[in-house]
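All remarks here apply to the structure that follows.
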Amino acid sequence: MPNVISVQRHLVEMQHGHPSATGDLTGLLWDLTLAFKVISRSVNRAGLINILGLEGETNVTGDEVTKLDRFAQDVICRSLEHDGHLCCMASEEEAKLIRIPERYPKGKYVLCYDPLDGSSNIDANVSVGTIFSILKRKTESGDGTLDDVLQSGREIVAAGYVVYGSSTMMVYSTGQGCHGFTLDPSVGEFLLSHPNIQMPRKGKKIYSVNEGHSRYWDENTRRYVEYVKSPESGGPYQGRYIGSMIADVHRTLLYGGIFMHPRDFRRDPVHGQGKLRLLYEAAPMAFLVEQAGGIATTGTENILDIVPNDLHQRVPVIMGSADFVEEYLRFQKGDGPTAKI
Ligand code: AHM
Ligand code: MG
293 MPNVISVQRH LVEMQHGHPS ATGDLTGLLW DLTLAFKVIS RSVNRAGLIN
343 ILGLEGETNV TGDEVTKLDR FAQDVICRSL EHDGHLCCMA SEEEAKLIRI
393 PERYPKGKYV LCYDPLDGSS NIDANVSVGT IFSILKRKTE SGDGTLDDVL
443 QSGREIVAAG YVVYGSSTMM VYSTGQGCHG FTLDPSVGEF LLSHPNIQMP
493 RKGKKIYSVN EGHSRYWDEN TRRYVEYVKS PESGGPYQGR YIGSMIADVH
543 RTLLYGGIFM HPRDFRRDPV HGQGKLRLLY EAAPMAFLVE QAGGIATTGT
593 ENILDIVPND LHQRVPVIMG SADFVEEYLR FQKGDGPTAK I
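Residues 293 to 633 in the working numbering are what the sequence shown lists, from first letter to last.
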């Protein structure tokens, strides 16, 4: 029987890899795992909401039922705001920076998160998840500011996601590889199930993109997708698109392949624009993908190099097995192989 390692023990071991660490980051990650367990419990009960009462309304006992994404937002905020590790937070659910209330101490880290990504899928029982990243503040002390949050993905000190699927899994990295844990609900612990996840350089031939948008992509992206469907690519590749980034990227991390949410010219007729948010979705996932040996790009620059200019900035996302993403980039430069279409 393999060793049973809880996420708590793993976090402490990772901390030992940084002799100057104070334990702050470990404490912050540990508090986050508690929030994830609370959200997981509620997501698992989502199907019962129609029996017990409708979301956003009152249930049969007269209690108010909060929408799940709002609930996840509140759980994370309430679990972290008081622990003294953070100077501020930023969430996909909040238009502005989230300040730490006056009465609590301010810490040296910033938390960026998407509390429940893919929540529009929840009624169909499709996997949804939480994505997060942690940055070190730039200002010295006091309340955190926008300058503390608007940092490139290269400054991330830890990132991860939790997928609330057939089981609940958390994948995280503090820059020492990418590690996966499965929640055992009977003991209430995340247990190490996927140590040191490495994405195959040449993964399974899987492409993952919403082809319904294809007529609004740039020509080179269209050519690439035609190519992966053709025998010239050694394929055709298998198409797999869940429409929940967490689930699509999780599969890509485990099996390899390429996940894309490319520039769309409906969003900006001149330059095109991505859908996914840099701070809450693209950069944390890019950090994990690189830790697992893959590449994450917009098609023109590495996602981790982008310095955000806005809390809710959106970027095109192409990430996955290094060989596949490099091939996509060759198409973007106009020198990819030509498929007979
Ligand atoms: P959300 O933050 O509103 O949930 O949107 C993000 C989701 C991602 O999980 C997923 O990859 C993407 O939107 C799907 O977009 P599309 O409907 O364009 O395929
Ligand atoms: Mg989202």
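We put the CB at the ideal spot given by N, CA and C, even for glycine. From a predicted model like this one, the values you see are computed outputs, not experimental measurements.
In the displayed model, TYR405 falls within a strand according to three-state DSSP. Counting the other Cβ atoms within 10 Å of the Cβ of THR592 gives fewer than 16, which makes it exposed.
Straight-line spacing of the CA atoms in GLU385 and LYS359 works out to 12 Å. Residues of the same chain with a CB within less than 6 Å of the CB of ASP375, apart from the 5 flanking positions on each side, are ASP323 in chain order. Inter-segment contact for the region 408-426 and the region 386-393 is absent: fewer than three beta-carbon pairs are separated by less than 8 Å.
The alpha-carbon of VAL335 is positioned some 9 Å away from that of ASN417. Here GLY452 is not near VAL402, since their CB atoms are 8 Å or more apart. LEU378 has TYR401 as its beta-bridge partners, per DSSP.
8 Å or more divides the Cβ of LEU580 from the Cβ of MET537. Relative to the ligand MG, GLU503 has its C-beta separated by 7 Å or more from all heavy atoms. Shown here, TYR533 sits in coil according to DSSP, grouped into three states, outside any helix or strand. Assignment of beta-bridge partners to PHE473 by DSSP yields MET462 and LEU484.
Burial check for PRO608: the Cβ neighbour count within 10 Å reaches 16 or more, so the residue is buried. Around the beta carbon of GLY445, a 10 Å sphere encloses 16 or more other beta carbons of the protein chains shown; the residue is thus reported as buried.
According to DSSP, THR513 shares a beta bridge with no other residue. By the neighbour-count criterion, in which 16 or more other beta carbons inside 10 Å mark a residue as buried, TYR620 falls on the buried side. Not one heavy atom of the ligand MG is found less than 7 Å from the C-beta of ASP510. For GLY319, the uninterrupted alpha helix (DSSP H) run begins and ends at 316-336, by DSSP. In the same chain as LYS400, and ignoring 5 residues on each side of it, the C-beta atoms closer than 8 Å to its own belong to ASP316, HIS377, CYS379, LYS428 and ARG429, in chain order.
In this structure, the C-beta of GLU384 approaches the ligand AHM to less than 7 Å from one of its heavy atoms.
For LEU596, the CB contacts under 6 Å within the same chain, skipping 5 residues up- and downstream, are GLY445, ARG446 and ALA578 in chain order. Counting the other Cβ atoms within 10 Å of the Cβ of SER458 gives fewer than 16, which makes it exposed. With 16 or more other Cβ atoms inside 10 Å of its own Cβ, GLU573 counts as buried.
Between GLU394 and the set GLY434, ASP540, CYS404 and MET293, the nearest pair of CA atoms involves GLY434.
GLY467 is a Cβ neighbour of VAL449, given a cutoff of 8 Å. Distances from the alpha-carbon of THR422 to those of CYS470, PHE473 and GLN365 put GLN365 closest. Using a 10 angstroms sphere on the CB of VAL517, the tally of other CB atoms reaches 16 or more, which defines it as buried. Residue pairing of LEU427 in beta bridges, as defined by DSSP: VAL402 and ILE448. Burial state of GLY472 is buried, judged by a 10 Å Cβ sphere holding 16 or more other Cβ atoms. Annotated three-state conformation of GLN468 is coil, per DSSP. Per DSSP, VAL609 is one residue of the beta strand (DSSP E) stretching across 609-612. The ligand MG approaches TYR572 closely enough that one of its heavy atoms is under 7 Å from the residue's Cβ. Sequence-distant partners of ASN488 (beyond 5 residues in either direction) whose C-beta falls short of 6 Å from its own C-beta, in its chain, are GLY469.
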